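Visitor: Following this message is one structure expressed as structure tokens.
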Amino acid sequence: MARILLVEDNELNRDMLSRRLRRRGYEVTVAVDGADAIATIATTKPDLILMDMSLPIMDGWEATQTLKADPNTADIPIIALTAHAMAGEREKALAVGCDDYDTKPVEIKRLLKKMEVFLGGATAASSNATAPKSSVPTSSPTSPQAQMPPQSAEQTGHHQPIPSQAMPSQPISSHSSQPIPSQSINFGEPGNVPLVGKLLVVDDNEANRDMFYRRLKRKGHTVVTASSGEEAMAIVQQTRVDVILLDVMMPGMDGFETLRQIRQTYSQLQLPVIMVTAKVESQDMVQAFEWGANDYVTKPIDFDLAIARIQNQLLAIQAMRRQSSFQPPAASPRPSAPSSPTVPSSTSPSISTPLSPTPTYTNPLSTPSSTTSFRANSGPEPSSPPSFRPPAPIVEMKRDRLADRYEILQVLTDNPFSQLLIAKDIQQPGQPLYFLKRLNASALPLSSNTPSPIEAMHSFLSQEIPRLQTMSRHSHITTFIDTFEHEGSIYLVQEFVDGDLLADELQTRSPLPFTQVVPLFKDLFETLEFLHRQQIIHGELHSRHLMRRRSDDQLMLIDFGAAQRMLAQLTSNGLTETGYIQGYMPPEQYTGTLLFSSDVYALGMLILYALTGKTPEHITRNRVTGELQWRELTNVDDKTAAVIQKMIYQDYASRYAYPEEASKDLLFQWYTLRFKRTLS
Numbered sequence: 018m019a020r021i022l023l024v025e026d027n028e029l030n031r032d033m034l035s036r037r038l039r040r041r042g043y044e045v046t047v048a049v050d051g052a053d054a055i056a057t058i059a060t061t062k063p064d065l066i067l068m069d070m071s072l073p074i075m076d077g078w079e080a081t082q083t084l085k086a087d088p089n090t091a092d093i094p095i096i097a098l099t100a101h102a103m104a105g106e107r108e109k110a111l112a113v114g115c116d117d118y119d120t121k122p123v124e125i126k127r128l129l130k131k132m133e134v135f136l137g138g139a140t141a142a143s144s145n146a147t148a149p150k151s152s153v154p155t156s157s158p159t160s161p162q163a164q165m166p167p168q169s170a171e172q173t174g175h176h177q178p179i180p181s182q183a184m185p186s187q188p189i190s191s192h193s194s195q196p197i198p199s200q201s202i203n204f205g206e207p208g209n210v211p212l213v214g215k216l217l218v219v220d221d222n223e224a225n226r227d228m229f230y231r232r233l234k235r236k237g238h239t240v241v242t243a244s245s246g247e248e249a250m251a252i253v254q255q256t257r258v259d260v261i262l263l264d265v266m267m268p269g270m271d272g273f274e275t276l277r278q279i280r281q282t283y284s285q286l287q288l289p290v291i292m293v294t295a296k297v298e299s300q301d302m303v304q305a306f307e308w309g310a311n312d313y314v315t316k317p318i319d320f321d322l323a324i325a326r327i328q329n330q331l332l333a334i335q336a337m338r339r340q341s342s343f344q345p346p347a348a349s350p351r352p353s354a355p356s357s358p359t360v361p362s363s364t365s366p367s368i369s370t371p372l373s374p375t376p377t378y379t380n381p382l383s384t385p386s387s388t389t390s391f392r393a394n395s396g397p398e399p400s401s402p403p404s405f406r407p408p409a410p411i412v413e414m415k416r417d418r419l420a421d422r423y424e425i426l427q428v429l430t431d432n433p434f435s436q437l438l439i440a441k442d443i444q445q446p447g448q449p450l451y452f453l454k455r456l457n458a459s460a461l462p463l464s465s466n467t468p469s470p471i472e473a474m475h476s477f478l479s480q481e482i483p484r485l486q487t488m489s490r491h492s493h494i495t496t497f498i499d500t501f502e503h504e505g506s507i508y509l510v511q512e513f514v515d516g517d518l519l520a521d522e523l524q525t526r527s528p529l530p531f532t533q534v535v536p537l538f539k540d541l542f543e544t545l546e547f548l549h550r551q552q553i554i555h556g557e558l559h560s561r562h563l564m565r566r567r568s569d570d571q572l573m574l575i576d577f578g579a580a581q582r583m584l585a586q587l588t589s590n591g592l593t594e595t596g597y598i599q600g601y602m603p604p605e606q607y608t609g610t611l612l613f614s615s616d617v618y619a620l621g622m623l624i625l626y627a628l629t630g631k632t633p634e635h636i637t638r639n640r641v642t643g644e645l646q647w648r649e650l651t652n653v654d655d656k657t658a659a660v661i662q663k664m665i666y667q668d669y670a671s672r673y674a675y676p677e678e679a680s681k682d683l684l685f686q687w688y689t690l691r692f693k694r695t696l697s
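In structure tokens, the structure reads:
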């Protein structure tokens, strides 16, 4: 069973909560203060810590910082418990290293849900079930830790790609130009006979496996079976399958863990997974979908429904493979390009697939835009230059060369403090393209005792560059390369992304139905979750800082948000909402305050733009509350509207504190709607 360390100095609270947890199957150890907790952990390492923050001798704040600073205990998830539900308390707890936060008096159901997030979704009593030894060859993938605390991305690999492996989260998928192995689906013609494919059934119950095998074979499918997650992973490594039917409650590696392992290598389109389980609680469904499941079928099995779900996945693969057969490999020039691109590339690996890794619900927004897409040329420049959109009026940069090296081609965003530029490096062979982020030191409203703007900027960069390097590890964020100084400004050199600005997609394609909006921003939720777990707030999230990458249709964050952090750190006058960021910046940023919920607000505004077809500044505000009056502009249901509104409240105390919370509620509404449509 899962081991819980409860750190609480109040004897009544300690006894009451420990009894309630033990009744639910947890093994509970208690400590009366922070020092006692650290001593206890030295002998018995718990799976999770419930930490009261107001403790004698060593309080919970100091104890948490001590534990998170020790490599031996840093991966233990800590949930802060406090009787002071004050504004900013949650942010403070997260800042010292806590993984979640709850208030006293403890509401046990709410606390248990938070605990389950870190304990892998398994029940307390069954989480310690003895797993039978696997007969799988030793080459099978190593199982990740049973725990999955949100902050411990570096331990689990979740949300945090590193140069040697792909991210396990499905949406962070690859962009390889290598061909996919020959497909096993019998496609036939649309509207003709049902599609058949090679299916892998994973279930520890032999009767269930046999029943699936017989019924699916009668439908013409090729069926392979596995009795455990380990065996399933070995099969996936050795042979190609089209769809996996995956049980959840299995000894050893359960279905959720197996799903996570699969998503380390394959996206949802490359290898669809349908969960087949007796777990019918909504939180189990949401967890499965968040970790990359394509669909969810409950036991006892309605086989007609299961067959229909399998058909949906095969049809999605068919559609995407047919679509991809008309596209050249990513390394080849597009029809409009005169030569192959030479674009600075990240070190992230590629997974073999020619498919555009959009989910089953095909994203309609990906259409080329000649006004914002650029390619570096591997050979001489074409005789007729690309058709650039007129840049913003920055006189000193017009047809200028920066540091005798970078020639400005376009200004993507422009405000008094910063610009995001596209430039070509004329000193490199092929003159590759880069993004340049200009930070204008001379425009900073510094106090009189500050030495000089440029010195202040250098001081800021000494702290900012490690953040940029951390952000660059995520495969959905452009890569930071270098910095240089030119005429009183600092420039960040960033990897160029060949694609289309989200602003242009939304301008031409919105309004969109809710069923298409959620998939559009699912990756962005995960990107923000990664940043926040690294204690980084972006602060400049909007449609001109996001680009749809052509090679794989992924949504890329092309700006690091450095300008807003610069202003928050170096100025005392608050921030100024200018130009492109209008409407996306929450009220607290005007006073120089950056919160995790500030990014939630901006993402909510992007969702609202996609739903209504109107940018935030073009939606009427209530004169008293300042809230946007958007409800009549879209036909989403009341529950969905409530989720969106909670993302964009003017008062941050009423807003979702973290993107994980908003994502979970939004996905639940989306999956509920999708499930109802399937049944109708």
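Reminder that position 652 of the sequence shown reads as 669 in our numbering, one-by-one numbering, no gaps.
From the three backbone atoms N, C-alpha and C, an ideal C-beta is built for every residue, glycine too.
Note that the structure is a prediction, hence the values are computed from the model and not measured.
#1: Which word fits N457, buried or exposed, when buried means at least 16 other C-beta atoms lie within 10 angstroms of its C-beta?
#2: State buried or exposed for E28, treating a residue as buried only when at least 16 other CB atoms are found within 10 Å of its CB.
#3: If you reduce the DSSP assignment to three classes, tell me which class M564 lands in.
#4: Assuming I661 is part of the alpha helix (DSSP H), what are its boundary residues?
#5: Among the candidates F547, G609, E522, whose CA atom is the shortest distance from the CA of L563?
#6: Taking 7 Å as the limit between beta carbons, can you name the residues of its chain near R672, skipping five residues before and five after?
#7: For the alpha helix (DSSP H) holding D521, just list the boundary residues, first then last.
#8: Just to confirm, is the Cβ distance from V535 to W308 under 8 Å?
#9: Report the option in Y313, D76, L645 whose CA atom is closest to the CA atom of F685.
#10: If you run the structure through DSSP and keep just helix, strand and coil, what is E481?
#11: Alpha carbon to alpha carbon, how far is D668 from K109? Give it in angstroms, no decimals.
#12: With three or more C-beta pairs closer than 8 Å as the rule, is the region 320-332 touching the region 294-307?
#13: Using three-state DSSP, classify R232 as helix, strand or coil.
#14: Does the distance from the C-beta atom of S245 to that of G269 stay below 8 Å?
#15: Between the C-alpha atoms of P122 and L98, what's the straight-line distance to the nearest angstrom?
#16: So, with DSSP's three-state summary, where would you put L262?
#17: To the nearest angstrom, report how far apart H15 and G137 are at their CA atoms.
#18: Could you say which of H493, I507, D515 lies nearest to L548 if we only look at CA atoms?
#19: With distance defined between alpha-carbon atoms, name the residue in R455, G516, F477 nearest to G505.
#20: Reducing DSSP to helix, strand and coil, say where H238 ends up.
#21: Looking at the structure shown, is T689 part of a helix, part of a strand, or coil, going by DSSP?
#22: Quick check on D220: buried or exposed, where buried means 16 or more other Cβ atoms within 10 Å of its Cβ?
#23: Nearest CA to the CA of P211: which residue from A224, R226, V218, H238?
#24: Taking just the CA atoms, how far does A86 sit from A580?
#25: Report the residue from I66, L620, D259 whose alpha carbon sits nearest the alpha carbon of L129.
#26: Going by DSSP in three states, A323 sits in which element: helix, strand or coil?
#27: Quick one: complete alpha helix (DSSP H) runs, 4+ long, within the region 608-662?
#28: Provide the residue(s) that pair with Y700 in DSSP beta bridges, ordered along the chain.
#29: Tell me whether T140 sits in a helix, a strand or coil according to DSSP, three-state version.
#30: Which partner residues does S299 have in the DSSP bridge list?
#31: My guess is that A251 and L217 are in contact by the Cβ rule of under 8 Å, so how many angstroms apart are they, rounded?
#32: Between N311 and V293, is the Cβ-Cβ spacing less than 8 Å?
#33: On the DSSP letters alone, give me the boundaries of the alpha helix (DSSP H) that S545 sits inside.
#34: Answer yes or no: do R484 and G516 have a C-beta to C-beta separation smaller than 8 Å?
#35: Does the distance from the C-beta atom of G556 to that of G578 stay below 8 Å?
#36: Give the range of the alpha helix (DSSP H) segment to which M33 is assigned.
Guide: Looking at the atomic coordinates:
#1: Here residue 457 refers to the residue found at position 440 of the sequence shown. Buried, since its Cβ has 16 or more Cβ neighbours within 10 Å.
#2: Counted from its first residue, the sequence shown places residue 28 at position 11. When all chains shown are included, E28 counts as exposed.
#3: Counting from 1 along the sequence shown, the entry for residue 564 is found at position 547. Three-state result, M564: strand.
#4: Position 644 of the sequence shown, counted from the start, is the residue given in the question as residue 661. Start and end: 655-664.
#5: On the sequence shown, position 546 is the one that residue 563 refers to. Of F547, G609, E522, the residue nearest in Cα terms is E522.
#6: Locating residue 672 in the sequence shown gives position 655, counting from the first residue. Result list for R672: S614, V617, Y618, K663, M664, Y666, in chain order.
#7: As a working mapping, residue 521 is identified with position 504 in the sequence shown. Per DSSP, D521 belongs to the alpha helix (DSSP H) from 519-526.
#8: Position 518 of the sequence shown, counted from the start, is the residue given in the question as residue 535. Position 291 of the sequence shown, counted from the start, is the residue given in the question as residue 308. Cβ distance not < 8 Å, so V535 and W308 don't count as in contact.
#9: Your numbering for residue 685 matches position 668 in the sequence shown. Comparing Cα positions, the closest option is Y313.
#10: The residue given as residue 481 occupies position 464 in the sequence shown. Residue state, collapsed to three classes: helix.
#11: To locate residue 109, count along the sequence shown from 1; it is residue 92. To locate residue 668, count along the sequence shown from 1; it is residue 651. Taking the straight line joining both Cα atoms gives about 18 Å.
#12: no
#13: For the purposes of this step, residue 232 is taken as residue 215 along the sequence shown, with counting starting at 1. Helix at R232.
#14: Taking the first residue of the sequence shown as 1, we reach residue 245 at position 228. Taking the first residue of the sequence shown as 1, we reach residue 269 at position 252. Taking 8 Å as the Cβ cut-off, S245 and G269 qualify as a contacting pair.
#15: Taking the sequence shown and counting its residues from 1, one reaches residue 122 at position 105. Taking the sequence shown and counting its residues from 1, one reaches residue 98 at position 81. Looking at the two C-alpha atoms, the distance is approximately 9 Å.
#16: Your numbering for residue 262 matches position 245 in the sequence shown. Strand at L262.
#17: The chain is shown only over 18 to 697; residue 15 falls outside these bounds and no answer can be derived.
#18: By 1-based counting over the sequence shown, the position of residue 548 is 531. When each option's Cα is compared against that of L548, the closest is H493.
#19: The residue given as residue 505 occupies position 488 in the sequence shown. Measuring from the Cα of G505, the nearest candidate turns out to be R455.
#20: Locating residue 238 in the sequence shown gives position 221, counting from the first residue. Here H238 sits in coil by DSSP.
#21: For this step, residue 689 is matched to residue 672 along the sequence shown. Helix at T689.
#22: Position 203 of the sequence shown, counting from 1, holds the residue named residue 220. When all chains shown are included, D220 counts as buried.
#23: Taking the sequence shown and counting its residues from 1, the one referred to as residue 211 is at position 194. The shortest C-alpha separation from P211 is found at H238.
#24: Taking the sequence shown and counting its residues from 1, one reaches residue 580 at position 563. Taking the sequence shown and counting its residues from 1, one reaches residue 86 at position 69. A580 and A86: Cα-Cα distance of roughly 29 Å.
#25: As a first step, residue 129 is located in the sequence shown; it is residue number 112 there, counting from the start. For L129, the nearest C-alpha among the options comes from I66.
#26: In the sequence shown, counting from the first residue as 1, residue 323 sits at position 306. In this structure, A323 counts as helix in the three-state DSSP scheme.
#27: 613-629
#28: Lying outside 18 to 697, the shown extent of the chain, residue 700 is not represented and no answer is given.
#29: Stepping through the sequence shown from its first residue, residue 140 is reached at position 123. Per-residue confidence for T140 stands at a pLDDT of 47, beneath the threshold of 50, marking its modelled position as unreliable; no derived number is given.
#30: Numbered from its first residue, the sequence shown carries residue 299 at position 282. S299 pairs with nothing; no bridge assigned.
#31: The residue labelled residue 251 in the question sits at position 234 within the sequence shown. The residue labelled residue 217 in the question sits at position 200 within the sequence shown. The pair is not a contact, with the Cβ atoms about 11 Å apart (cut-off 8 Å).
#32: Locating residue 311 in the sequence shown gives position 294, counting from the first residue. Locating residue 293 in the sequence shown gives position 276, counting from the first residue. No, the pair does not count as a contact, with Cβ atoms beyond the cut-off.
#33: Working through the sequence shown from its first residue, we reach residue 545 at position 528. Correcting the residue identity first, residue 545 is Leu in this sequence and not Ser. That run of the alpha helix (DSSP H) goes 531-550.
#34: For this step, residue 484 is matched to residue 467 along the sequence shown. For this step, residue 516 is matched to residue 499 along the sequence shown. Contact flag unset, no.
#35: Residue mapping note: residue 556 aligns to position 539 of the sequence shown, counting from 1. Residue mapping note: residue 578 aligns to position 561 of the sequence shown, counting from 1. Contact: yes.
#36: The residue labelled residue 33 in the question sits at position 16 within the sequence shown. From DSSP, the alpha helix (DSSP H) with M33 extends over 28-40.
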